[in-house]
Structure formats: structure tokens, C-alpha cells
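Working notes for the structure below.
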Amino acid sequence: MSPSVSLSVQLGRLTLANPVLVASGTFGYAKEMSSLIPLERLGGIVPKTITREPRVGNAPPRTVEVTAGLLNAIGLDNDGIDSFLSEKLPYLRTLRTPIIVSVAGRTAAEFEWMAQQLDGVSGVAAIELNISCPNVSGGIDFGTNATTCEKVVAGVRKTCQLPCFVKLTPNVTSVAEMARAAEAGGADAVALINTVLGMSVDWRQRSTRLGNGMGGFSGPAIKPIALRMVYQVAQAVKIPIIGMGGITTIDDAMEFFVCGATAIQVGTANFFHPTATMEILDALPAAVASLGATRLTEIVGTLAFPHK
Ligand SMILES: Cc1cc2nc3c(=O)[nH]c(=O)nc-3n(C[C@H](O)[C@H](O)[C@H](O)COP(=O)(O)O)c2cc1C
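Following this line, the structure appears as C-alpha cells:
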């Protein structure tokens, strides 16, 4: 019999039945994955980031496999918010799983406008501000400047009642500083990490393998970076952390929880092992119980470090 362990978590104003979510850009708009796993078991779904206008994205090739990970430069290819509301949301709102809509704007005003469009819309449980996509040029880099980060979050909070998560980039000197800025702006939670800026090169051709040249590195290889950043952010802010970066197994997930993540998102693993989230969920009660806890929240941030 599986032990009786409470998996429910609170991410600011949003309560989730369990802490296992899927990461933006790695799960389409959920319908694509519905034949592979029972979507209602997920703690939450973050669909592919949407923008105000449709975007065609970057030149191909857009993905390339590298050692222990994936490099991508999709360039936020999406059909825009109007199409999301009319074509994708009607299906998403039928799911008994909270939908956290990921949005990206080129300006603070555009972030606010998009948040307003989603405010009060049936089927939208929260928004995730993608201030951290490494594959798009133009616009202000909200994810790497603490002042503009705080401003954009505060602007969204003023115009929108939805719980607001802020997705942070690892491509900064101090991720803790960015997390503090998101918290000061009024974020309900921070989500980290987005992809690590990288490159893959074919030396014989003297060319880059991605059409865009550089791209975002994800998958098992980035887990140590993500764990370090989740730990640092947990020391810096009081708001909950949604941890991600390379999570594939129950052990990966537990490492993030003890480092300070209240919830996790599974990303690249959805491509090479689509049932990873279900296996993590199945194993979670026993793993939590093995630490002598009856609630998942009891183990969050309990890493014994520095060693005494
Ligand atoms: C192909 C691909 C597309 C992605 N698209 C998005 C996106 O649209 N918005 C976003 O916030 N993150 C996007 N990400 C980043 C993931 O959500 C996640 O932050 C990152 O991949 C690290 O987690 P992982 O190692 O488990 O994949 C994308 C990642 C991949 C691999």
C-alpha cells in the first residue's frame, strides 16, 4: 500500500493537488500529449509561451541533440494570443488540471496587455511571465535587469488579478538578485531555470548546427546548474520556487524539493520519456515518507548545507 502523504502545495494564491507540472514549450498545448499520459493527474500544465502577435520563429534547424541534453532555438513560434484563446483554451479548460498560461511581451506594456486579456478568463488558473527566452532578439531583456524585471512584474500585478509566476533565466551573474526583483514586484512564485545559452558546432563545415547559431541548452546535463540556482534563490526570497532543469526521475525531483523547490516542472524529458511525470508522481509518496514526512511541504528546503 502506498503511504498516506499529502502532496498538495501552495504557490502563492494558487493551490495545486500535487507539485508535478510540465514545462512550457515541451508539452505543446497538452492535446498533443493526451494519448500518452492521463493529463488530469498532472499538478499543472504550462502550455507553450504565447505572444501578442503570431510569430513564425527561427530558421531551421531549430533543435539539435548534444551530449546529455538538447539545444533549441525555436524563437517563440506561436499563433498569438487571439488564436490561443479561440483555438487552444477551449480544449485546455475541459481538463481538470490547472492551466498556467505562459506569456512573453516585447515591452512592459505588452506584458500588461496580455495579462489583462487573460484576467478572469475561464480555464486560466495563473500566468507565467516568460522574461527569460534566450532565442528571441529585440525588446528589453527583462530577465537580466533587476530594475526592469521588478517593473514588469509590478505592472502585471496592478492590471491582473491572476496568480503570477515569473520564469527566470540562468544566463545572469546573480539569479538571486533577479528572484528578489520578481518578489519585490509582487510575484506569487518564481520558476527556474529556463535554458542555458549554448552552441553546437560542426567544425568540418565550420558552421553552427542550429539555424539561429546559438540556442537554449536543456535536459539532464543542466540539472547541477538548476539545483545550484534553486538553492541560491531559496536563500534569497520567501516566495515559493518552481524548480526545473533536467528533471527525469523521482531522485531528480526529490533533489529539487530538498534544495528549496515547492513544485517542479518536467521539460525535455517529455520528449524522450513522455511518462516521466507519471513515474515521478507514482514514486513521490514513498520517497517523501522515506524521509519521515507526511506532507511534501515538510521536506522543501531541508538540505543539510553547509555541512556542520
Ligand atoms: C524545445 C523547447 C522549447 C521551449 N520553449 C519554451 C517556451 O516557449 N517558454 C518557456 O518559458 N520555456 C521554454 N523552454 C524551456 C523549458 O520550459 C525549461 O525551462 C528548460 O528546458 C529546462 O528544463 P528541462 O531541462 O527539464 O527541459 C523550452 C525548452 C525546450 C527544450
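Number 328 marks the last residue of the sequence shown (our numbering); no jumps. Don't be surprised by glycine CBs; every beta carbon is placed ideally from N, CA and C. Bear in mind that the values here come from a model prediction, so they are computed numbers and not experimental data.
Rounding to the nearest angstrom, what Cα-Cα distance links residue i and residue j in this structure?
i	j	result
Thr71	Glu203	23 Å
Val186	Ala145	15 Å
Ile261	Thr314	20 Å
Ile119	Leu112	7 Å
Arg177	Gln225	49 Å
Phe162	Asn150	9 Å
Gly280	Leu323	8 Å
Phe237	Gly218	6 Å
Met53	Lys243	24 Å
Ser26	Thr282	13 Å
Ala296	Gly45	16 Å
Pro305	Val29	14 Å
Met134	Ala309	42 Å
Glu148	Arg33	13 Å
Ser227	Thr87	18 Å
Gly239	Phe47	14 Å
Glu132	Val121	14 Å
Tyr49	Asn78	20 Å
Thr167	Ala199	11 Å
Val141	Ala128	21 Å
Val221	Pro190	22 Å
Asp272	Asp302	14 Å
Gly266	Gln136	33 Å
Arg248	Thr269	18 Å
Asn316	Trp223	Note on identity: in this sequence residue 316 is Leu, with Asn being the wrong assignment. In a straight line, the C-alpha of Leu316 is about 48 Å away from that of Trp223.
Gln285	Glu299	14 Å
Gly312	Pro326	22 Å
Pro81	Leu109	29 Å
Pro183	Thr69	17 Å
Gly100	Phe276	33 Å
Asp139	Ala307	37 Å
Glu130	Ser152	15 Å
Val195	Met234	21 Å
Lys51	Ile57	10 Å
Thr179	Ser55	37 Å
My understanding is that residue i touches residue j, with C-beta atoms under 8 Å, so please give their C-beta distance in whole angstroms.
i	j	result
Ile213	Val278	At roughly 17 Å, the Cβ-Cβ gap does not stay under 8 Å, so Ile213 and Val278 are not in contact.
Val192	Thr164	5 Å
Leu91	Thr83	7 Å
Gly143	Glu170	Not quite, the Cβ-Cβ distance comes to about 29 Å (not below 8 Å), so this is no contact.
Leu331	Ala93	The chain is shown only over 21 to 328; residue 331 falls outside these bounds and no answer can be derived.
Ala207	Val173	5 Å
Gly89	Ala241	4 Å
Glu197	Arg116	Between Arg116 and Glu197 the Cβ distance is about 38 Å, and since that is not below 8 Å, they are no contact.
Ala43	Met264	5 Å
Ala209	Leu31	4 Å
Ser106	Pro74	With a Cβ gap of about 13 Å, Ser106 and Pro74 do not count as contacting.
* Stretch pair the region 30-49 + the region 60-75: three plus CB contacts closer than 8 Å -> Using a C-beta cut-off of 8 Å, the region 30-49 makes contact with the region 60-75, since at least three inter-stretch Cβ pairs fall below that distance.
* Asked: Between the region 285-301 and the region 243-256, are three or more C-beta pairs nearer than 8 Å?
  -> The region 285-301 vs the region 243-256: no contact.
* Asked: Of all the beta strand (DSSP E) runs that stay within the bounds of the region 225-306, which reach a length of 3 or more residues?
  -> Entirely contained in the region 225-306, the beta strand (DSSP E) runs reaching 3 residues are, in chain order, 234-238, 261-263, 283-286.
* **Uninterrupted beta strand (DSSP E) stretches inside the region 67-109 (no shorter than 3 residues)** => Correct list: 83-86, 89-92.
* Inside the region 163-211 only - beta strand (DSSP E) runs reaching at least 3 residues -> Taken in chain order, the whole beta strand (DSSP E) runs of length 3 or more contained in the region 163-211 are 184-187.
* alpha helix (DSSP H) runs contained entirely in the region 116-160, provided each spans 4 or more residues -> Within the region 116-160, the complete alpha helix (DSSP H) segments of 4 residues or longer fall at 128-138, listed in chain order.
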